[in-house]
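Chains as they are written, first to last, in this note's numbering: chain A, 11 to 477; chain B, 3 to 114.
Note that beta-carbon positions come from the ideal geometry of N, C-alpha and C, so glycine has one too.
Since the structure is predicted, the reported quantities are computational estimates derived from the model, not experimental observations.
Reviewing the structure listed below.
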Amino acid sequence: MRSRFIQSLLLLMLFSSGLCFAQTTAPAATAAQVAHLEAQVAQAQSSADNSWMLASAAMVLLMTGPGLALFYGGLVRRKNVLSILMQCIAMMSIITVLWAVLTYSLAFDSGTAFFGGLHHLFLRGVGLAPDPDYSATIPQQTFMIYQLMFAIITPALIVGAFAERMKFSAMALFLTLWSIIVYTPMAHMVWGKDGFLNASLGGAFPCLDFAGGTVVHVTSGVSALVCALYLGKRVGYPREAMPPHSVVLSFIGACLLWFGWFGFNAGSALGAGGLATSAFVNTQFGAAAAALTWAAAEWLHRGKPSALGIISGAVAGLVAITPAAGFVQPMSALVIGAIAGVFCYFMVVKVKSWFGYDDSLDAFGVHGAGGTLGAILTGVFASSAVNPIFKDPKTGAVLPSGLIDGNWHQLLNQFVGVALAWGVSIVGTLVLLKFVDLVVGLRVPHEHEIEGLDVTQHGEEGYDFVS
Amino acid sequence: MQKIEAIIQPSKLDAVKDALLEVGIEGMTILEARGHGRQKGHTEFYRGREYTVDLLPKVKLEMVVSDDLVEKAVQAILASARTGKIGDGKIFLSKIDDAIRIRNDERGGSAL
Numbered sequence: 011m012r013s014r015f016i017q018s019l020l021l022l023m024l025f026s027s028g029l030c031f032a033q034t035t036a037p038a039a040t041a042a043q044v045a046h047l048e049a050q051v052a053q054a055q056s057s058a059d060n061s062w063m064l065a066s067a068a069m070v071l072l073m074t075g076p077g078l079a080l081f082y083g084g085l086v087r088r089k090n091v092l093s094i095l096m097q098c099i100a101m102m103s104i105i106t107v108l109w110a111v112l113t114y115s116l117a118f119d120s121g122t123a124f125f126g127g128l129h130h131l132f133l134r135g136v137g138l139a140p141d142p143d144y145s146a147t148i149p150q151q152t153f154m155i156y157q158l159m160f161a162i163i164t165p166a167l168i169v170g171a172f173a174e175r176m177k178f179s180a181m182a183l184f185l186t187l188w189s190i191i192v193y194t195p196m197a198h199m200v201w202g203k204d205g206f207l208n209a210s211l212g213g214a215f216p217c218l219d220f221a222g223g224t225v226v227h228v229t230s231g232v233s234a235l236v237c238a239l240y241l242g243k244r245v246g247y248p249r250e251a252m253p254p255h256s257v258v259l260s261f262i263g264a265c266l267l268w269f270g271w272f273g274f275n276a277g278s279a280l281g282a283g284g285l286a287t288s289a290f291v292n293t294q295f296g297a298a299a300a301a302l303t304w305a306a307a308e309w310l311h312r313g314k315p316s317a318l319g320i321i322s323g324a325v326a327g328l329v330a331i332t333p334a335a336g337f338v339q340p341m342s343a344l345v346i347g348a349i350a351g352v353f354c355y356f357m358v359v360k361v362k363s364w365f366g367y368d369d370s371l372d373a374f375g376v377h378g379a380g381g382t383l384g385a386i387l388t389g390v391f392a393s394s395a396v397n398p399i400f401k402d403p404k405t406g407a408v409l410p411s412g413l414i415d416g417n418w419h420q421l422l423n424q425f426v427g428v429a430l431a432w433g434v435s436i437v438g439t440l441v442l443l444k445f446v447d448l449v450v451g452l453r454v455p456h457e458h459e460i461e462g463l464d465v466t467q468h469g470e471e472g473y474d475f476v477s
Numbered sequence: 003m004q005k006i007e008a009i010i011q012p013s014k015l016d017a018v019k020d021a022l023l024e025v026g027i028e029g030m031t032i033l034e035a036r037g038h039g040r041q042k043g044h045t046e047f048y049r050g051r052e053y054t055v056d057l058l059p060k061v062k063l064e065m066v067v068s069d070d071l072v073e074k075a076v077q078a079i080l081a082s083a084r085t086g087k088i089g090d091g092k093i094f095l096s097k098i099d100d101a102i103r104i105r106n107d108e109r110g111g112s113a114l
């Protein structure tokens, strides 16, 4: 299509410069002109893609701060609001430095099926030239900074499980190590060159994960569950009332998450073309459908639809549509969202109380459960008409994607991806929690927990009602 | 000289204030309060967890008035604060020994 475009451009130029010009121009000069035009077209596409990707990167950062920070911050008690904001911005800072010196290389350098190599340590060789294995049209630095934003939000999601009781020092150490031991290998397996689960770069079990259903949400959600079980309940849970101190803050945070998620999902097209539109549309539909079904479930079950319920539903829908965003049709996105809203409501409201774990802000119920569901449903609804990801290596013919296309085998691949993500998360998190517990201790002292983390860990308060 | 303490529904504050002004009460102190009597609270749900909110927002008015105004003030409050439903609040009366105006040492009724 591009060569057709260049041909017509060329024709237009020849006409406009006159027939006489065309007759007198030597063939060599025409070839040079074609080359020049091709370069300009490539440059134009690169600029278009790059501008969307830079905007997307900024939007994904916005999801952590202030999006997730406010969403979680509103859900805790007043005495702990700053501890949540601090933990989120600590991730924005720590993971960035870590990414620059180590983890970008471990995730995206070519290496083994499970870990990347070390060629990109200190961002060596990560310049403005594209890495065609990932995206041929954007500078590798754009790709690197975009992926960093995912590496930031993933550990920040876990904060919801141990909120209101973990030491700041333990949190910083644990999540830094977690990023290296759990996030980085999962990112490499699913998205990295030669990754074990990579669907587009020849993985052994090609797992479809468009924007991080397994890499981001299953890993963080399952690790969150392990944290909640390992740390134990908050003092007074569930006897004492611990209602959110500001559903208003949570609402602002959830809406910022929703907005940023367009960068998260549509940006994962790594360009500004039709695939980005597909993912954008699906993101909106998944979120809206889940918001409605969560609120409806609550309305039927409790008699009233709540603001906290509908925003929780929206986030659950966004989580579930994440792996599917660039693979499914818009109507499938509605179905995935609708299922996710009810499923996550059930996980948060029923399953949590059956088992009695204190996943304070429902990081597992929303991200672990929603991510797992979304990953499986991606295997059901992935359509080669949206994204022809599987091709016959010999003929280049497009092969079916998901169950809906008749490729039931993809379900198995999705299960493998999910199972691996669960396994890595459970083992990695357990080992790291044990280690951090021995080194610095995980929980704040009992009386500090009662007084609140803002004063005891950070020496400040979120709200001053006196002056 | 008596102190009138009235705990009322927040929504009735303006009506009560106006009614008290009309019978000649010139000063009062208003506190935002929380509490419950027989009314008890209501139930809230956050992600399926049930919370009983038993302390409801109320407004408390305090004023010290001369004896001849007490009954008028009480009637004004009763007439303006009543909705007839449970949770309308209460009025407490108590004797006050003395009142002193900080600005100029005035004492007794003239300090009110």
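Legend entry - C-alpha distance - residue 79 (chain A) paired with residue 109 (chain B), whole-angstrom precision: For this step, residue 79 (chain A) is matched to residue 69 along the first sequence. For this step, residue 109 (chain B) is matched to residue 107 along the second sequence. So the alpha carbons of these two residues sit roughly 57 Å apart.
Inset, instruction - Please name the residue in B:113, B:21 and B:86 whose C-alpha comes closest to that of residue 76 (chain B). - result: Locating residue 76 (chain B) in the second sequence gives position 74, counting from the first residue. When only C-alpha atoms are compared, the closest one is B:21.
Inset, instruction - Would you mind sorting residue 360 (chain A) into buried or exposed? The rule is 16 or more other CB atoms within 10 Å of its CB. - result: Here residue 360 (chain A) is taken as the residue at index 350 of the first sequence, counted from 1. Looking at its Cβ environment, which holds fewer than 16 other Cβ atoms inside 10 Å, residue 360 (chain A) is exposed.
Inset, instruction - Return the CA-CA distance between residue 239 (chain A) and residue 13 (chain B), expressed in angstroms with no decimal places. - result: For this step, residue 239 (chain A) is matched to residue 229 along the first sequence. For this step, residue 13 (chain B) is matched to residue 11 along the second sequence. Approximately 46 Å, taken between the alpha carbons.
Inset, instruction - Within the segment 190-228 of chain A, note down every full alpha helix (DSSP H) run reaching 4 residues or more, in order along the chain. - result: 194-201
Legend entry - Within-9 Å CB hit, residue 46 (chain B) to chain A: As a first step, residue 46 (chain B) is located in the second sequence; it is residue number 44 there, counting from the start. By this cut-off, residue 46 (chain B) is an interface position.
Legend entry - Closest residue to residue 473 (chain A) among A:247, A:210, A:256 and A:75 (Cα-Cα distance): Locating residue 473 (chain A) in the first sequence gives position 463, where the first residue counts as 1. Checking every option, the nearest Cα to that of residue 473 (chain A) belongs to A:256.
Legend entry - Test item: CB-CB of residue 241 (chain A) and residue 295 (chain A) under 9 Å: Locating residue 241 (chain A) in the first sequence gives position 231, counting from the first residue. Locating residue 295 (chain A) in the first sequence gives position 285, counting from the first residue. Contact flag unset, no.
Inset, instruction - Please compile the residues from chain B whose C-beta is within a distance smaller than 7 Å of the C-beta of residue 251 (chain A). - result: By one-based count along the first sequence, residue 251 (chain A) stands at place 241. The answer, in chain order, is 53.
Legend entry - Simplified DSSP assignment, three categories, for residue 334 (chain A): Within the first sequence, numbered from 1, the residue matching residue 334 (chain A) stands at position 324. Residue state, collapsed to three classes: coil.
Inset, instruction - Output yes or no for whether 9 Å exceeds the beta carbon distance between residue 32 (chain B) and residue 15 (chain B). - result: The residue labelled residue 32 (chain B) in the question sits at position 30 within the second sequence. The residue labelled residue 15 (chain B) in the question sits at position 13 within the second sequence. In this structure, residue 15 (chain B) lies closer than 9 Å to residue 32 (chain B) by Cβ.
Legend entry - the segment 256-272 of chain A / the segment 59-72 of chain B touching (three or more Cβ pairs under 8 Å): no
Legend entry - Interface positions of the segment 289-318 of chain A facing chain B (Cβ-Cβ less than 7 Å), listed along the chain: 312, 316 and 318
Legend entry - Whole-angstrom distance between residue 223 (chain A) and residue 325 (chain A), CA atom to CA atom: For the purposes of this step, residue 325 (chain A) is taken as the residue at position 315 of the first sequence. For the purposes of this step, residue 223 (chain A) is taken as the residue at position 213 of the first sequence. Spanning the two alpha carbons is a distance of roughly 13 Å.
Inset, instruction - Starting from the Cα of residue 381 (chain A), find the closest Cα among A:154, A:43, A:136 and A:218 and give me that residue. - result: Numbered from 1 along the first sequence, position 371 holds the residue referred to as residue 381 (chain A). It is A:218.
Legend entry - Burial state of residue 31 (chain A) (16 or more Cβ within 10 Å): Translated into positions along the first sequence, residue 31 (chain A) becomes position 21. Confidence is the limiting factor: at residue 31 (chain A) the pLDDT is only 49, short of 50, which leaves the residue's position unreliable and the question unanswerable from this model.
Legend entry - Option nearest residue 280 (chain A) by Cα separation, candidates A:379, A:170, A:144 and A:350: For this step, residue 280 (chain A) is matched to residue 270 along the first sequence. For residue 280 (chain A), the nearest C-alpha among the options comes from A:144.
Legend entry - Of the residues A:244, A:103, A:298 and A:164, the one placed nearest residue 345 (chain A), counting alpha carbons only: Residue numbering aside, residue 345 (chain A) sits at position 335 when the first sequence is read from its first letter. It is A:298 whose Cα lies nearest to the Cα of residue 345 (chain A).
Inset, instruction - Can you give me, in chain order, the residues of the segment 333-359 of chain A that have a beta carbon less than 9 Å from any beta carbon in chain B? - result: 355, 358 and 359
Inset, instruction - Please list the residues of the segment 368-379 of chain A that have a C-beta atom closer than 7 Å to any C-beta atom in chain B, keeping them in chain order. - result: 372
Legend entry - Environment of residue 72 (chain A) [buried if 16+ CB atoms lie within 10 Å]: Within the first sequence, residue 72 (chain A) is the residue found at index 62, counting from 1. When all chains shown are included, residue 72 (chain A) counts as buried.
Legend entry - chain B contacts from the segment 233-259 of chain A (Cβ-Cβ distance under 7 Å): Look at the segment 233-259 of chain A: the residues with a C-beta under 7 Å from a C-beta of chain B are 251, 253 and 254.
Legend entry - residue 91 (chain B) versus residue 373 (chain A): straight-line alpha-carbon distance, rounded: As a position in the second sequence, residue 91 (chain B) is number 89, starting the count at 1. As a position in the first sequence, residue 373 (chain A) is number 363, starting the count at 1. Distance between the alpha carbons of residue 91 (chain B) and residue 373 (chain A): 43 Å.
Inset, instruction - Quick one: give me the first and last residue of the alpha helix (DSSP H) that residue 384 (chain A) is part of. - result: As a working mapping, residue 384 (chain A) is identified with position 374 in the first sequence. Here the alpha helix (DSSP H) through residue 384 (chain A) covers 379-391.
Legend entry - Neighbourhood of residue 426 (chain A) by C-beta, 6 Å cutoff - its chain only, sequence neighbours within 5 removed: The count along the first sequence starts at 1 and reaches residue 426 (chain A) at position 416. Closer than 6 Å at the Cβ level, and outside the excluded window around residue 426 (chain A), lie 215.
Legend entry - residue 364 (chain A) versus residue 6 (chain B): straight-line alpha-carbon distance, rounded: Here residue 364 (chain A) is taken as the residue at index 354 of the first sequence, counted from 1. Here residue 6 (chain B) is taken as the residue at index 4 of the second sequence, counted from 1. Those two C-alpha atoms are separated by around 52 Å.
Inset, instruction - Please name the residue or residues paired with residue 4 (chain B) in a DSSP beta bridge. - result: Here the question's residue 4 (chain B) lines up with position 2 in the second sequence. Answer is B:67 and B:97.
Inset, instruction - Name the residue from B:48, B:51 and B:43 whose alpha carbon lies nearest to the alpha carbon of residue 59 (chain B). - result: For this step, residue 59 (chain B) is matched to residue 57 along the second sequence. Of B:48, B:51 and B:43, the residue nearest in Cα terms is B:43.
Inset, instruction - Confirm, please, whether the CB-CB distance from residue 454 (chain A) to residue 175 (chain A) is below 9 Å. - result: Counted from its first residue, the first sequence places residue 175 (chain A) at position 165. Counted from its first residue, the first sequence places residue 454 (chain A) at position 444. Their beta carbons are under 9 Å apart, which means residue 175 (chain A) touches residue 454 (chain A) by this criterion.
Legend entry - Rounded C-alpha distance that separates residue 198 (chain A) from residue 125 (chain A): The residue you call residue 198 (chain A) lines up with position 188 of the first sequence. The residue you call residue 125 (chain A) lines up with position 115 of the first sequence. Taking the straight line joining both Cα atoms gives about 6 Å.
Inset, instruction - Could you have a look at residue 47 (chain A) and say whether DSSP puts it in helix, strand or coil? - result: Here residue 47 (chain A) refers to the residue found at position 37 of the first sequence. Residue state for residue 47 (chain A) is assigned as helix, using DSSP reduced to three classes.
Legend entry - residue 105 (chain A): first and last residue of the uninterrupted alpha helix (DSSP H) it sits in: Counted from its first residue, the first sequence places residue 105 (chain A) at position 95. Segment 91-108, the alpha helix (DSSP H) holding residue 105 (chain A).
Inset, instruction - Determine, using beta carbons only, whether residue 322 (chain A) comes closer than 9 Å to chain B. - result: If you number the first sequence from 1, residue 322 (chain A) lands on position 312. It does: the Cβ of residue 322 (chain A) has a partner Cβ on chain B nearer than 9 Å.
Inset, instruction - State yes or no: is the C-beta of residue 457 (chain A) within less than 9 Å of the C-beta of residue 465 (chain A)? - result: Along the first sequence, one-based indexing puts residue 457 (chain A) at 447. Along the first sequence, one-based indexing puts residue 465 (chain A) at 455. Contact: no.
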